[in-house]
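Report on the following structure.
Residue numbers (my numbering), protein chains in the order written: chain F, 279 to 587; chain B, 11 to 335.
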């Protein structure tokens, strides 16, 4: 009864690499027409699903620059001198096993890491050439907004969820009518407007996928330059995931999108650029096609082939 | 073709499913279960008995005129007659006043404990202080209140004659009663805030909102059922308190205002509440008119029960809409 035994647990320790084993096939989605046509080295390469993007955007503009960033929680190093560029017009996917520091990297991009008290940061992050450490965090977070793993609409109406973002703090609260246009605009950018019975619908009564798109709409309402997505689909069903992936690809023209995901197929589907993180290091960073189909590093190769993680 | 498989027909709906091979419970377990059932039923019986007894007594003695007439002391027989209009209004007045102190202070303390909690040492001290207040018998609070409100500095809150501060007034009673309600407000609001998943806070911060804006516009609205629960439980406790009323409200069965400014004079003056009215008219009290005591107790119980139902409604509504954790 060979199949009753659980597969052996593979672990990488330090920089030591595990020899590729031959008794396991890479985990991959069933190949479909497009994926098979694109991939020519099927034996070693990542067999992905159909990519959602039509073509790489030619208008990619550098928006954020991460330079030698290290983040530590107390004495534990979570991100180890990572450098990368975030461009508008591109979707950057950060992949890697749990606890590899990709969420920490994402959270340091809008200084959410500061909410933890024992966090220390080294290195520099710039947004349009300005050091984000010198920006007001609330102003920064309006320019670099974030969507979380769990759908978390606020317990109020759909309208109020978006209006909350639009209303500036301490300023005189604008009237409902003045915000209506902007609210509808944000909802339609997230593709949610047509599905809503009315704008006063309680946000927590929407379905999970709709809630997550409301969260995206909320993040877009601030008119950000960078949109951070922390595993936005991990709590959703495949259909909602598909809708959100389409949305992500559509959004990259207006905002730079960074997505953290555990789902390699998803990263392959939506990303133009990809970074593979492992134990806090950015092991490999480059175009998504190259990273998934012809990874340069041994560890990347093993990870995208599904040998560990 | 059809990928959907029909579910295997199970036992009829409502039929009890018993694993055939599971051995019967041991005797001790069965006795324990029986005892638990018995005690549970006993507890229900006590609750039902109290409510039924006062319902019956109440219906027997409650007369509409009790609600609209004031107690009046008959000088010749020194027996109070009349209804409990002023004590009823006094209950409402003193409760509203006490909760208008306890609610904002309690919410502020709960927000500070739950959302800030720094410096940590101070937060710990605040926490144990609240526990201590919650555990202090209200008669002790009442005595402390007498000391406090008889001081000349606080004389404006009660009656003053010839430089001597009387120290008994609605203000004095409500201030001490707010301490009775405060711990319930703090614990409930705090629990409500802590039940909000952290990612909801972070979502608000990630949209460029400050901590204060997040607390005010997201967290407190989300914790509204808990705030309501705390307010109602606190109010229930305040309504039911007698010791502070007896000591600090002056023990006059009708409003006895001090001063000339309309509302302020009432608050500076003395009065009574339904609890005091019950205490006064109980067979052991000075008034000794059990019928009126029963009627007032029934009204008191009805108010507190209504508050409890309100708590139930508030918490049930809160359970309906939640985030996935």
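Ideal Cβ placement from N, Cα and C applies to all residues, glycine included.
Check your understanding: Is residue 544(F) buried or exposed, if buried means 16 or more other CB atoms sit within 10 Å of its CB?
Key -> To locate residue 544(F), count along the first chain from 1; it is residue 266. Buried is the call here.
Review point. Three-state secondary structure (DSSP) at residue 512(F)?
Key: One-based indexing of the first chain puts residue 512(F) at position 234. Coil.
Review point. Going by Cα to Cα distance, which pick from 376(F), 581(F), 414(F) and 359(F) is closest to residue 218(B)?
Key: Taking the second chain and counting its residues from 1, the one referred to as residue 218(B) is at position 208. It is 414(F) whose Cα lies nearest to the Cα of residue 218(B).
Review point. If you count every other CB in all the chains shown that lies within 10 Å of the CB of residue 508(F), and 16 or more means buried, which is it?
Key: In the first chain, residue 508(F) corresponds to position 230, counting from 1. For residue 508(F), the number of other beta carbons within 10 angstroms of its own is at least 16, and it is reported as buried.
Review point. So residue 282(B) packs on residue 148(B), CB below 8 angstroms; how close in whole Å?
Key: Position 272 of the second chain, counted from the first residue, corresponds to residue 282(B). Position 138 of the second chain, counted from the first residue, corresponds to residue 148(B). Not a contact, Cβ separation roughly 16 angstroms.
**Study point:** Cutoff 8 angstroms; reference residue 520(F); Cβ partners in own chain excluding five residues on either side
**Key:** As a working note, residue 520(F) is residue 242 in the first chain. If we look at residue 520(F) and ignore the five residues flanking it on each side, it has no Cβ neighbours.
Check your understanding: What are the uninterrupted segments assigned as beta strand (DSSP E) that are 3 or more residues long and contained completely in the region 510-560 of chain F, given in chain order?
Key -> 534-538 and 551-556
Check your understanding: Quick one, which of 323(B), 62(B), 122(B) and 108(B) has its alpha-carbon nearest residue 199(B)'s?
Key -> For the purposes of this step, residue 199(B) is taken as the residue at position 189 of the second chain. Among 323(B), 62(B), 122(B) and 108(B), the Cα nearest to that of residue 199(B) belongs to 122(B).
Review point. In the structure shown, what three-state DSSP assignment does residue 391(F) receive?
Key: Counted from its first residue, the first chain places residue 391(F) at position 113. Residue 391(F) carries a helical assignment under DSSP once its states are collapsed to helix, strand and coil.
Point to revise | Option in 251(B), 195(B) and 279(B) with minimal Cα separation from residue 289(B) | key: In the second chain, residue 289(B) corresponds to position 279, counting from 1. Considering only alpha carbons, the answer is 251(B).
Practice item. Identify which residue in 278(B), 67(B), 205(B) and 201(B) has its Cα closest to the Cα of residue 119(B). Key: Here residue 119(B) is taken as the residue at index 109 of the second chain, counted from 1. Taking only the C-alpha atoms, the option nearest residue 119(B) is 201(B).
Check your understanding: Is the CB of residue 134(B) under 8 angstroms away from at least one CB in chain F?
Key -> For this step, residue 134(B) is matched to residue 124 along the second chain. Chain F contact via Cβ: absent.
Review point. Apart from the five residues just before and just after residue 80(B), which ones in its own chain have a Cβ nearer than 7 angstroms to its Cβ?
Key: Walking along the second chain from the start, residue 80(B) turns up at place 70. Excluding positions up to five away in sequence, the list reads 92, 93, 95, 96 and 264.
**Study point:** Segments of 3+ residues assigned as beta strand (DSSP E) that fall wholly inside the region 46-116 of chain B
**Key:** 82-84 and 89-91
Exercise for review: Please name the residues in the region 221-242 of chain B whose beta-carbon is closer than 7 angstroms to at least one beta-carbon of chain F, in chain order.
Suggested key: 223, 227, 228, 231 and 232
Review point. Roughly how many angstroms separate the alpha carbons of residue 435(F) and residue 485(F), rounded to a whole number?
Key: Walking along the first chain from the start, residue 435(F) turns up at place 157. Walking along the first chain from the start, residue 485(F) turns up at place 207. Spanning the two alpha carbons is a distance of roughly 14 angstroms.
Point to revise | Every unbroken alpha helix (DSSP H) inside the region 255-286 of chain B [4 residues or more] | key: Segments of the alpha helix (DSSP H) lying fully in the region 255-286 of chain B: 272-278.
Point to revise | For residue 304(F), three-class secondary structure by DSSP | key: The sequence position of residue 304(F) within the first chain is 26, counting from 1. Here the model assigns residue 304(F) a pLDDT of 41, short of 50, so the residue's position is not dependable, and the following value carries that caveat. Correct three-state label for residue 304(F): coil.
Practice item. Find the residues of chain F that neighbour residue 202(B), judging by a C-beta separation of less than 7 angstroms, and give them in chain order. Key: What you label residue 202(B) is simply residue 192 of the second chain in a count that begins at 1. The premise fails here: residue 202(B) is roughly 12 angstroms from chain F at the closest Cβ pair, so nothing lies under 7 angstroms.
Practice item. Report all residues from its chain with a CB closer than 6 angstroms to the CB of residue 303(F); omit the five preceding and five following residues, and keep chain order. Key: Within the first chain, the letter at position 25 stands for residue 303(F). Its pLDDT being 41, under 50, residue 303(F) is placed unreliably in this model, and the value from its coordinates should be taken loosely. So the list is empty, once near-sequence residues are dropped.
Exercise for review: Pick out the complete alpha helix (DSSP H) segments inside the region 209-245 of chain B, 4 residues or longer, and give them in chain order.
Suggested key: 221-224
Check your understanding: Would you call the region 176-187 of chain B and the region 254-261 of chain B touching, i.e. three or more CB-CB distances under 8 angstroms?
Key -> yes
Check your understanding: Just the Cα atoms here: how many angstroms apart are residue 307(F) and residue 535(F)?
Key -> For the purposes of this step, residue 307(F) is taken as the residue at position 29 of the first chain. For the purposes of this step, residue 535(F) is taken as the residue at position 257 of the first chain. Summary for residue 307(F): the model assigns pLDDT 39, below 50, so the residue's position carries little reliability; its value from the coordinates is reported in the next sentence. Cα to Cα, residue 307(F) sits roughly 25 angstroms from residue 535(F).
Review point. Comparing alpha-carbon positions, which option in 358(F), 461(F) and 511(F) lies nearest residue 350(F)?
Key: Translated into positions along the first chain, residue 350(F) becomes position 72. Ranking 358(F), 461(F) and 511(F) by Cα distance to residue 350(F) puts 358(F) first.
Review point. By Cβ distance below 7 angstroms, which residues in the same chain neighbour residue 194(B) in space, the five residues on each side in sequence not counted?
Key: Position 184 of the second chain, counting from 1, holds the residue named residue 194(B). For residue 194(B), where only same-chain residues beyond five positions count, the Cβ hits under 7 angstroms are 240, 243, 244 and 247.
Review point. Applying the criterion that 16 or more other CB atoms from any shown protein chain within 10 Å of the CB defines a buried residue, is residue 211(B) buried or exposed?
Key: Position 201 of the second chain, counted from the first residue, corresponds to residue 211(B). Its Cβ being crowded by 16 or more others within 10 Å, residue 211(B) is buried.
Check your understanding: Helix, strand or coil: which one does DSSP assign to residue 469(F)?
Key -> Against the first chain, residue 469(F) aligns to sequence position 191. The answer is coil: DSSP assigns residue 469(F) none of H, G, I, E or B.
Practice item. Go through its chain and collect everything with a Cβ distance to residue 396(F)'s Cβ below 8 angstroms, but skip five positions before and after it. Key: As a working mapping, residue 396(F) is identified with position 118 in the first chain. A distance below 8 angstroms between beta-carbons, with the five flanking residues on each side excluded, links residue 396(F) to the following residues of its chain, in chain order: 351 and 352.
Exercise for review: Determine the DSSP secondary structure at residue 583(F), reduced to helix, strand or coil.
Suggested key: By 1-based counting over the first chain, the position of residue 583(F) is 305. The answer is coil: DSSP assigns residue 583(F) none of H, G, I, E or B.
Check your understanding: Does residue 11(B) have its Cβ less than 8 angstroms from a Cβ in chain F?
Key -> Numbered from 1 along the second chain, position 1 holds the residue referred to as residue 11(B). Because the pLDDT of residue 11(B) is 49, which lies under 50, any placement of that residue in the model is unreliable, and the question is left without a value.
**Study point:** Cβ shell of residue 100(B) (< 6 angstroms), same chain only, five flanking positions each side left out
**Key:** Locating residue 100(B) in the second chain gives position 90, where the first residue counts as 1. So the qualifying residues of the chain are 281, 282 and 283.
Review point. Which two residues bound the contiguous beta strand (DSSP E) that contains residue 401(F)?
Key: Looking up residue 401(F) in the first chain gives position 123. Unbroken beta strand (DSSP E) run through residue 401(F): 397-405.
Check your understanding: Would you say residue 50(B) faces chain F, with C-beta separation under 8 angstroms as the test?
Key -> In the second chain, the residue the question calls residue 50(B) occupies position 40. Answer no: the Cβ-Cβ gap between residue 50(B) and chain F never drops below 8 angstroms.
Review point. Can you name, in chain order, every residue of its own chain whose Cβ lies under 6 angstroms from the Cβ of residue 155(B), other than the five neighbours on each side?
Key: The residue you call residue 155(B) lines up with position 145 of the second chain. For residue 155(B), where only same-chain residues beyond five positions count, the Cβ hits under 6 angstroms are 182, 186 and 258.
Check your understanding: Leaving out the 5 sequence neighbours to the left and right, which residues in its chain are closer than 6 angstroms to residue 351(B) when beta-carbon positions are compared?
Key -> Lying outside 11 to 335, the shown extent of chain B, residue 351(B) is not represented and no answer is given.
Check your understanding: Is the CB of residue 394(F) under 8 angstroms away from at least one CB in chain B?
Key -> Residue numbering aside, residue 394(F) sits at position 116 when the first chain is read from its first letter. For residue 394(F), the answer is no, since every Cβ of chain B falls outside 8 angstroms of its Cβ.
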